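So the sequence lines, in the order shown, correspond to chains A and B. In short: position in the first sequence from 1, add 17, done, that's the working numbering. In short: position in the second sequence from 1, add 17, done, that's the working numbering. All C-beta atoms, glycine included, are put in the ideal place defined by N, C-alpha and C. The structure displayed is predicted, hence computed values, not measured ones. Reviewing the structure listed below.
Number of protein chains: 2
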Amino acid sequence: MGIPAVAEPADHRRRPRRRGETLRAGILDAALAELEETGYAGMTMERVAERAHAGKASLYRHWNGKAHLVFDATRRALPEPGTLADTGSLRGDLLELMGLFAHLLRGPLGEAVRGIVGEALAREPSAAALRREQEGRAVELTRSLVERAADRGENVASGATERQLEAGHAILRMHVLAHGPDVAEETLVGIVDEVMMPLLAPASRRPAVRLRPPRP
Amino acid sequence: MGIPAVAEPADHRRRPRRRGETLRAGILDAALAELEETGYAGMTMERVAERAHAGKASLYRHWNGKAHLVFDATRRALPEPGTLADTGSLRGDLLELMGLFAHLLRGPLGEAVRGIVGEALAREPSAAALRREQEGRAVELTRSLVERAADRGENVASGATERQLEAGHAILRMHVLAHGPDVAEETLVGIVDEVMMPLLAPASRRPAVRLRPPRP
DNA sequence: GGAATTAGTGAACGCTCAGTTCACTAGAGC
DNA sequence: GCTCTAGTGAACTGAGCGTTCACTAATTCC
């Protein structure tokens, strides 16, 4: 932390101060740490300010409230498209991707989602932005995996809709919100095998679904 | 309301009081009304007490906090299995069912879900109970529709997993939480046609999904 | 270097509400 | 009628939100 460790006056106002982006970064780091430790509901502006060695008024000068601060603190947590390993099969790739999202949702990103839905901030700009980024990124990443599978020669659905690409992700998010941050491996496998594969590669689906013969 | 309209003493403690289940019902009604008007985040124990013409201490005698109160207020809102109309096709039935859940989620039930996920009460007994009831009921209702379709001779998946039966519902809930209580008709149609039908009746799926020919 | 401006700060404030306690007393049961 | 129990309005404490303020560290400009 950039605050010098020299003897400091009793009144912190007389002490060295950060300004602009340096201060913002310090506050965002503190917010991320608080979010991780106490969750969205337990996080307070006062404690973020303390942790960041900043004045509460400064937080309110930069952010109009908790949601906005949380959004800024977590917005860089989403994976980039080029970082996904190639497992050699769509199923393997989807398992990797969902594992990555589960891991992210276990930390501050999951708490940000929780906070924003809990406060019913559907029309709030920061909420709309977080949702757009998360859903858009999920769809984009999933689509890239499906395209990669097609290039490999796998029999995949060529016209998967956004809703189908997003389905497994919505289910995972809902699962984390409803059940807590620890997602069992079998849950991930189930989401991939029972939902994503049937929707994205129906012809290569696993025997979880058996057709009933037509009535005579 | 069962409080007589006669002249009342200035000190309400000297006024007639309800007891037991009568009082509980009054408080639950008030909670439901507040939940509907202000959402979970905006609802306060003080205002519920006022609205119910009850003492705040009485609320805390019966319920250990807001989540528990909200759970009790909303637990009877779930539809019973026998109440679903038969439209003559699985698709029609699913549209009816999802329309019904969307309608429920627009009101206090949606706010209860929002509150409980927002407070990260995954392990809280009332949260676990609400989740169990809602998910269990959704799966049960959906399964009954699939069975009815099979009885009608429709070509449905005979071994749909719980996750597949629950998938459309999780997506709907996540949609309401993320986007707000007004669910467009086309969203419901999309959930049914693009996710539920392919999972529950793959052989009768609509042309939203087109297979890509195998690579030569 | 000095002046002017700007942003950051600790302290303080008023407000709301959660959760609790208390003395009084309406209701219920015997 | 008596005893016990649950319900009540009032009051309380403490936490945290959002705001204001006087002071002053930082930055910019001449």
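With DSSP as the reference, label residue 174 of chain B as helix, strand or coil.
Along the second sequence, one-based indexing puts residue 174 of chain B at 157. DSSP places residue 174 of chain B in strand when its eight states are reduced to three.
Check for me: the alpha helix (DSSP H) holding residue 202 of chain B runs from which residue to which?
In the second sequence, the residue the question calls residue 202 of chain B occupies position 185. Note, residue 202 of chain B: alpha helix (DSSP H), 202 to 207.
Is there at least one Cβ from chain A nearer than 7 Å to residue 115 of chain B's Cβ?
Position 98 of the second sequence, counted from the first residue, corresponds to residue 115 of chain B. It does not: the Cβ of residue 115 of chain B has no partner Cβ on chain A nearer than 7 Å.
Does DSSP put residue 192 of chain A in a helix, in a strand, or in coil?
The sequence position of residue 192 of chain A within the first sequence is 175, counting from 1. Three-state result, residue 192 of chain A: helix.
Check each candidate in B:133, B:186, B:135 and name the one with the smallest Cα separation from residue 152 of chain B.
As a working note, residue 152 of chain B is residue 135 in the second sequence. Residue B:186 is the option with its Cα nearest to residue 152 of chain B.
With distances taken Cα to Cα, identify the nearest neighbour of residue 176 of chain B among B:136, B:218, B:111, B:51.
Looking up residue 176 of chain B in the second sequence gives position 159. With distances taken between Cα atoms, residue 176 of chain B lies closest to B:218.
Is residue 77 of chain A buried or exposed, if buried means 16 or more other CB atoms sit within 10 Å of its CB?
As a first step, residue 77 of chain A must be located in the first sequence, where it is residue number 60. Its Cβ having fewer than 16 others within 10 Å, residue 77 of chain A is exposed.
List, in chain order, every chain B residue whose beta-carbon is nearer than 8 Å to that of residue 215 of chain A.
Your numbering for residue 215 of chain A matches position 198 in the first sequence. Ordered by position in chain B, the residues that pass the 8 Å Cβ test against residue 215 of chain A are 181, 215, 216, 219.
Report whether the distance from the Cβ of residue 163 of chain A to the nearest heavy atom of the ligand ZN is below 6 Å.
The ligand ZN is not part of the structure shown, which contains no ligands of any sort.
Kindly indicate if chain B contains any beta-carbon less than 7 Å away from that of residue 121 of chain A.
Locating residue 121 of chain A in the first sequence gives position 104, counting from the first residue. Not an interface residue.
Just how far apart, CA to CA, sit residue 131 of chain B and residue 144 of chain B?
As a first step, residue 131 of chain B is located in the second sequence; it is residue number 114 there, counting from the start. As a first step, residue 144 of chain B is located in the second sequence; it is residue number 127 there, counting from the start. Computed Cα separation, rounded: 11 Å.
If you draw a straight line from the alpha carbon of residue 191 of chain B to that of residue 157 of chain A, how long is it in whole angstroms?
In the second sequence, the residue the question calls residue 191 of chain B occupies position 174. In the first sequence, the residue the question calls residue 157 of chain A occupies position 140. Answer to the nearest angstrom: the Cα atoms are 19 Å apart.
Would you decide whether residue 207 of chain B is buried or exposed? Buried here means 16 or more other CB atoms lie within 10 Å of its CB.
Position 190 of the second sequence, counted from the first residue, corresponds to residue 207 of chain B. It is buried - the Cβ of residue 207 of chain B has at least 16 other Cβ atoms within 10 Å.
Kindly list the residues whose CB is nearer than 8 Å to the CB of residue 53 of chain B, restricted to its own chain and excluding five residues on each side of it in sequence; keep chain order.
Indexing the second sequence from 1 puts residue 53 of chain B at position 36. So the list reads 124, 125, 128, once near-sequence residues are dropped.
What whole-angstrom Cβ distance do residue 111 of chain A and residue 209 of chain A have, given they're in contact under 8 Å?
Walking along the first sequence from the start, residue 111 of chain A turns up at place 94. Walking along the first sequence from the start, residue 209 of chain A turns up at place 192. Sure, about 5 Å apart at Cβ, within 8 Å.
Do residue 180 of chain B and residue 211 of chain A have their C-beta atoms within less than 7 Å of each other?
Indexing the second sequence from 1 puts residue 180 of chain B at position 163. Indexing the first sequence from 1 puts residue 211 of chain A at position 194. It is a contact, given that the beta carbons lie within the stated cut-off.
Please compile the residues from chain A whose C-beta is within a distance smaller than 7 Å of the C-beta of residue 156 of chain B.
Taking the second sequence and counting its residues from 1, one reaches residue 156 of chain B at position 139. Near residue 156 of chain B there are no residues of chain A at all, since even the closest Cβ is about 13 Å away, more than 7 Å.
By alpha-carbon positions, which one of A:59, A:107, A:67, A:33 ends up nearest to residue 46 of chain A?
Along the first sequence, one-based indexing puts residue 46 of chain A at 29. Of A:59, A:107, A:67, A:33, the residue nearest in Cα terms is A:67.
Counting only the same chain and skipping the five closest in sequence on each side, list residues whose C-beta sits under 7 Å from that of residue 115 of chain B.
In the second sequence, counting from the first residue as 1, residue 115 of chain B sits at position 98. Cβ neighbours of residue 115 of chain B beyond the five flanking positions: 185, 189, 205, 208, 209.
May I ask you to report which of helix, strand or coil DSSP gives residue 24 of chain A?
As a working mapping, residue 24 of chain A is identified with position 7 in the first sequence. Note that residue 24 of chain A scores 48 on pLDDT, short of 50, meaning its location in the model is unreliable; the coordinates nonetheless yield the value given after this. DSSP places residue 24 of chain A in coil when its eight states are reduced to three.
Would you please verify whether the beta carbon of residue 194 of chain A is less than 7 Å from any beta carbon of chain B?
Here residue 194 of chain A refers to the residue found at position 177 when the first sequence is read from its first residue. It does; some Cβ of chain B falls within 7 Å.
Going along chain A, which residues have a C-beta under 7 Å from residue 190 of chain B?
Within the second sequence, residue 190 of chain B is the residue found at index 173, counting from 1. In chain order: 191.
Is there at least one Cβ from chain B nearer than 7 Å to residue 178 of chain A's Cβ?
Here residue 178 of chain A corresponds to residue number 161 of the first sequence, with the count starting at 1. Cβ-Cβ to chain B under 7 Å: yes for residue 178 of chain A.
Does the CB of residue 187 of chain A have a neighbour CB from chain B at under 7 Å?
Reading the first sequence from its first residue, position 170 is the one you call residue 187 of chain A. By this cut-off, residue 187 of chain A is an interface position.
Quick check: residue 84 of chain A and residue 49 of chain A, are their CB atoms within less than 7 Å of each other?
In the first sequence, the residue the question calls residue 84 of chain A occupies position 67. In the first sequence, the residue the question calls residue 49 of chain A occupies position 32. Contact flag unset, no.
Please tell me whether residue 148 of chain A has its Cβ less than 7 Å away from any Cβ of chain B.
Within the first sequence, the letter at position 131 stands for residue 148 of chain A. Closer than 7 Å to some Cβ of chain B, the Cβ of residue 148 of chain A qualifies, so yes.
Counting only Cβ-Cβ distances shorter than 9 Å, please list the residues of the stretch 46 to 58 of chain A near chain B, keeping chain order.
Within the stretch 46 to 58 of chain A, the residues whose Cβ lies closer than 9 Å to some Cβ of chain B are 56, 57, 58, listed in chain order.
To which residues of the same chain is residue 56 of chain B closer than 6 Å at the C-beta, ignoring the five residues directly before and after it?
In the second sequence, counting from the first residue as 1, residue 56 of chain B sits at position 39. Cβ neighbours of residue 56 of chain B beyond the five flanking positions: 128.
Relative to the C-alpha of residue 134 of chain B, which residue among B:58, B:34, B:171 is closest?
As a working mapping, residue 134 of chain B is identified with position 117 in the second sequence. Per the Cα distances, B:58.
Given this structure, state the Cα-to-Cα distance separating residue 182 of chain B from residue 213 of chain B, to the nearest angstrom.
The sequence position of residue 182 of chain B within the second sequence is 165, counting from 1. The sequence position of residue 213 of chain B within the second sequence is 196, counting from 1. Approximately 8 Å, taken between the alpha carbons.
Is DSSP giving residue 136 of chain A helix, strand or coil here?
As a working mapping, residue 136 of chain A is identified with position 119 in the first sequence. Three-state result, residue 136 of chain A: coil.
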